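Structure first, commentary second.
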Amino acid sequence: MNDIFPSGAGQFPGEGLKIISRCPVCHYQYNPVEAKVLDENDGAHLIYVKCKRCQSAVLALVMTNHLGITSIGLITDLDSYEVMKFADLSAVNEDDVLSIYQLLADDENLAQLALG
Ligand SMILES: [Zn+2]
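Heads up: the sequence shown runs through residues -9 to 106, numbered per my numbering.
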């Protein structure tokens, strides 16, 4: 995932939102195939927008507070339902990584995975 907002975009009120109005991948003026608010909490909105032209999606967190509006956005290949699915899962920790390493270190396990 890439950061779609150039540094300093948050300095001017509305700059971040202006960038959201165009697809960051194909630069097409948004006529989104899908746009929805996935979550909102205490003045912060998690917004998902999918470009009709190139099917790339942007996930943006738009926050309003006494300083104005700030936003953080990134390009994602997730569908909107997947965003909420992964948001509810716990973070991957060191033990998870070691378990996968041990699983893959065993050639028999690898052969089983390859056979599906
Ligand atoms: Zn696009």
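Idealized CB from N, CA, C, for every residue including glycine. Fair warning: this is a prediction, and the values are worked out from it, not measured in the lab.
Taking C-alpha atoms, which residue in the options lies nearest to residue i?
i	options	result
L57	R12, G33, A101 and L68	G33
M111	P14, H17, E24 and D29	Here the chain comprises residues numbered -9 to 106, so residue 111 is not present and cannot be evaluated.
L67	K40, N83 and I90	Strictly speaking, residue 67 in this sequence is Asp, with Leu absent from that position. Comparing Cα-Cα distances from D67 to each of K40, N83 and I90, the minimum goes to K40.
L31	T54, S11 and E24	Looking at the sequence provided, one finds Asn at residue 31 rather than Leu. Closest by alpha carbon: T54.
E84	I37, Y38 and Q92	Q92
Report back the beta-carbon spacing between residue i and residue j to the nearest angstrom; my notes put them in contact at under 8 Å.
i	j	result
A50	G63	4 Å
C13	S46	7 Å
R43	Y18	4 Å
H35	V15	So it is not a contact: roughly 22 Å between Cβ atoms.
V48	I65	6 Å
L94	L100	6 Å
Would you say residue i reaches chain D, if we count a Cβ-Cβ gap shorter than 8 Å as a contact?
i	result
S70	No chain D appears in the structure shown, which is made up of a single protein chain.
Residue ranges of each beta strand (DSSP E) run of no fewer than 3 residues wholly in the segment 14 to 51, ordered along the chain? 24 to 31 and 34 to 40
Residues near ligand 1, CB to any non-hydrogen atom under 6 Å, in chain order? Those residues whose C-beta sits under 6 Å from the nearest heavy atom of ligand 1 are, from N- to C-terminal order along the chain, C13, V15, C16, Y18, C41, R43, C44 and S46.
Restricting to runs no shorter than 3 residues, where is the beta strand (DSSP E) found entirely within the segment 58 to 103? 58 to 66
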